[in-house]
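Notes follow the structure.
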Amino acid sequence: MSEQKSWLPLESTAHRVAVEVLVHGPLPRSEIARRLDLSPATLSRVTKPLLDAGLLIETGPQAQNGLGRPSLPLDVDPSSQHFVGVKLTADEVHGVLTDLRAHVLATEVAPLADRRPAAVAAVIAQIVHRLSGLVPRLTSVGVSAGGIVDDAATLKDSAYLGWEGTVPLADLVGDQTGLPVVVVNDVEAWTEAERWFGDGRGVQSFALLTTGVGTGYSVVTHGQPTTSRDVGVGVAGHIPLDPWGPLCRAGHRGCAEAMLTSGSVCAAVGVGLGRVVTYAEALGLARDGDPVARTVVEAAARAYGRLLALIANLTFVELIIASGDGVDLALDWEPVVRAEFRAHRHPLASDVTLLIKRAPFTEWARGAAVVAIMTHVMGQ
Ligand SMILES: [Zn+2]
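In terms of our numbering, the sequence shown opens at residue 10 and continues consecutively.
Right under this line is the structure:
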């Protein structure tokens, strides 16, 4: 059975090689040498112990290097290690089992009837237990949630879970699972998933915007995430977008929360129609031309485009990934979103790629698994 492969401590050049292959592999040796500016001799020296330890493997079709000696690309064995990622919402726990490259192998979901910390930890432990039964062993667990995370271990004032004060979530889950546990803000976790294994791979600067129950925002510059506990506060949610918009809970008129969250869209459509509507129903009515829903949703789409332009104008990113469980609004009205984006960009400004994409809800949990992988590989 596979032993736990230890990524740390590795000599720094060997570590760089191993991480490069994990994120971008399989890679020919010549490509690794070029990417990391290493001589062939240095690369040979550092890869031999990695191959001997089984951390790297030779794989793929043999390429002849002209001298008749076969050169095999280097790769990791993704199935050598497994991780569980968990995302907490107000009423459910979503879990995914992944391999070392964050491929999702299985998913689990469980209701959250009792939101007290010990009860939540028990549900997480049940999900970890069920997923762990599918593989020889788990390396570690990542847990993500909306809110402020400190020291990759505690969750503070999580509004979704109704928690006040600081909850030592990593210790609670670790005690019940016996595994290393890392806690991470959910938006930061998704950002890391995009940076290492997603659409942000190899992109030096990009932003992630999520809309749905709340609004989430995070930014990567020079290939590194801007880590701030304020990501967990959701500060982008109160950026003003429309002077005629509805009110948010903080009393702002037309801020991002008031314009873009699914609850705000439902409330505004519900006021006009005089009845309660779901988010999917509100979007459907808008598509069908209902005058109330269309007015609300089209205004939201314009606000969405303005927010994207604001992000591009102030952070100089090359790419904005826009997603989240409320992203159907932007997809339904994508021409409106893009027109508003263009209208608020300088004519000489660089092109920014807008990637507005639907993602399964488990993407949040996969992000937590990616942070567990990164913590295992990089330390902290
Ligand atoms: Zn607000």
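Using N, Cα and C, we set each Cβ at its ideal position, and we do this for glycine too.
Just so you know, these numbers come straight off a predicted model, no measurement behind them.
Looking at C-alpha atoms only, which residue of the options is the closest neighbour of residue i?
{"i": "L269", "options": "R238, A308, V102, S149", "result": "A308"}
{"i": "I382", "options": "L36, G94, K57", "result": "G94"}
{"i": "T371", "options": "L338, D297, D334", "result": "D334"}
{"i": "Q233", "options": "R258, T224, R204", "result": "R204"}
{"i": "W199", "options": "G183, L218, E349", "result": "L218"}
{"i": "I157", "options": "A168, T148, S48, P49", "result": "A168"}
{"i": "G211", "options": "D159, V193, V32, E20", "result": "V32"}
{"i": "L364", "options": "A377, A291, E327, E173", "result": "E327"}
{"i": "P58", "options": "V137, S15, D46, L47", "result": "S15"}
{"i": "D195", "options": "T384, A374, M387", "result": "A374"}
{"i": "S332", "options": "V144, G207, S48", "result": "G207"}
{"i": "V229", "options": "E197, P255, G246, W172", "result": "E197"}
{"i": "A276", "options": "C257, V144, A358", "result": "C257"}
{"i": "S271", "options": "H353, A339, R238, R146", "result": "A339"}
{"i": "V137", "options": "L109, E117, M387", "result": "E117"}
{"i": "V380", "options": "A154, G221, T220, Q135", "result": "A154"}
{"i": "G394", "options": "T287, V152, V361", "result": "Lying outside 10 to 389, the shown extent of the chain, residue 394 is not represented and no answer is given."}
{"i": "L170", "options": "A99, G279, V346, A368", "result": "A99"}
{"i": "D180", "options": "S214, I133, A202, E40", "result": "I133"}
{"i": "D360", "options": "G241, L317, G34, L47", "result": "L317"}
{"i": "V191", "options": "A245, I330, T148, A358", "result": "T148"}
{"i": "L97", "options": "V274, A128, A321, M387", "result": "A128"}
Using three-state DSSP, classify residue i as helix, strand or coil.
{"i": "S11", "result": "The pLDDT assigned to S11 is 46, lower than 50, so where the model puts this residue is not dependable, and the model offers no usable value."}
{"i": "I3", "result": "Residue 3 lies beyond the range of the chain shown here (10 to 389); nothing can be said about it."}
{"i": "R124", "result": "coil"}
{"i": "I248", "result": "coil"}
{"i": "G376", "result": "helix"}
{"i": "R262", "result": "strand"}
{"i": "A168", "result": "coil"}
{"i": "G46", "result": "Looking at the sequence shown, residue 46 is not Gly but Asp. Here D46 sits in coil by DSSP."}
{"i": "D195", "result": "helix"}
{"i": "S359", "result": "coil"}
{"i": "V144", "result": "coil"}
{"i": "T51", "result": "helix"}
{"i": "T163", "result": "strand"}
{"i": "L19", "result": "coil"}
{"i": "V286", "result": "coil"}
{"i": "A27", "result": "helix"}
{"i": "V182", "result": "helix"}
{"i": "V336", "result": "coil"}
{"i": "P344", "result": "helix"}
{"i": "P234", "result": "strand"}
{"i": "A202", "result": "helix"}
Please report the Cβ distance between residue i and residue j, rounded to the nearest whole angstrom; I am assuming they are in contact, meaning their Cβ atoms lie under 8 Å.
{"i": "V28", "j": "L36", "result": "Going by Cβ atoms, the distance from V28 to L36 rounds to 12 Å, so no, they are not a contact pair."}
{"i": "R38", "j": "L52", "result": "6 Å"}
{"i": "L121", "j": "V102", "result": "6 Å"}
{"i": "G243", "j": "G263", "result": "That belief does not hold up - the Cβ atoms of G243 and G263 are roughly 17 Å apart, past 8 Å."}
{"i": "L106", "j": "A115", "result": "4 Å"}
{"i": "G151", "j": "F92", "result": "7 Å"}
{"i": "V193", "j": "A377", "result": "6 Å"}
{"i": "I329", "j": "A216", "result": "5 Å"}
Which residues share a DSSP beta bridge with residue i?
{"i": "K366", "result": "None, per the DSSP bridge assignment."}
{"i": "H391", "result": "Residue numbering for the chain in the displayed model covers 10 to 389; residue 391 lies beyond these limits and cannot be assessed."}
{"i": "Y226", "result": "L218"}
{"i": "H9", "result": "As displayed, the chain neither begins before 10 nor continues past 389, which places residue 9 out of reach and without an answer."}
{"i": "H177", "result": "It is worth fixing the name first, because residue 177 is Pro in this sequence and not His. For P177, which the question treats as bridged, DSSP gives no partner whatsoever."}
{"i": "G151", "result": "G94, V191"}
{"i": "Q213", "result": "Looking at the DSSP assignment, Q213 forms no beta bridge with any residue, so it has no partner."}
{"i": "I66", "result": "D84"}
{"i": "L36", "result": "L83"}
{"i": "I157", "result": "K165"}
Just to confirm, does residue i get its C-beta within under 7 Å of one of the non-hydrogen atoms of ligand 3?
{"i": "G246", "result": "This structure lacks ligand 3; the ligands present are ligand 1."}
* Asked: Do three or more CB pairs link the region 287-298 to the region 153-164 at distances below 8 Å?
  -> Touching, no, given that fewer than three Cβ pairs across the two stretches are closer than 8 Å.
* To do: Say whether the region 221-236 touches the region 181-188, bearing in mind that this needs 3 or more beta-carbon pairs closer than 8 Å, one atom from each stretch.
  => A contact between stretches requires three or more CB pairs, one per stretch, nearer than 8 Å, and the region 221-236 fails this requirement with the region 181-188.
* **Segment contact, 8 Å Cβ cut-off, at least three pairs: the region 80-88 with the region 61-70** => Enough Cβ pairs lie closer than 8 Å, so yes.
* Asked: Are the region 243-251 and the region 260-275 touching, with three or more C-beta to C-beta distances below 8 Å?
  -> Using a Cβ-Cβ distance cut-off of 8 Å, the region 243-251 and the region 260-275 are in contact, since at least three pairs of beta carbons, one from each stretch, lie closer than that value.
* To do: Please determine if the region 282-292 and the region 310-327 are in contact, where contact requires at least 3 C-beta pairs separated by less than 8 Å.
  => Per the Cβ contact rule, the region 282-292 is not in contact with the region 310-327 (fewer than 3 Cβ pairs under 8 Å).
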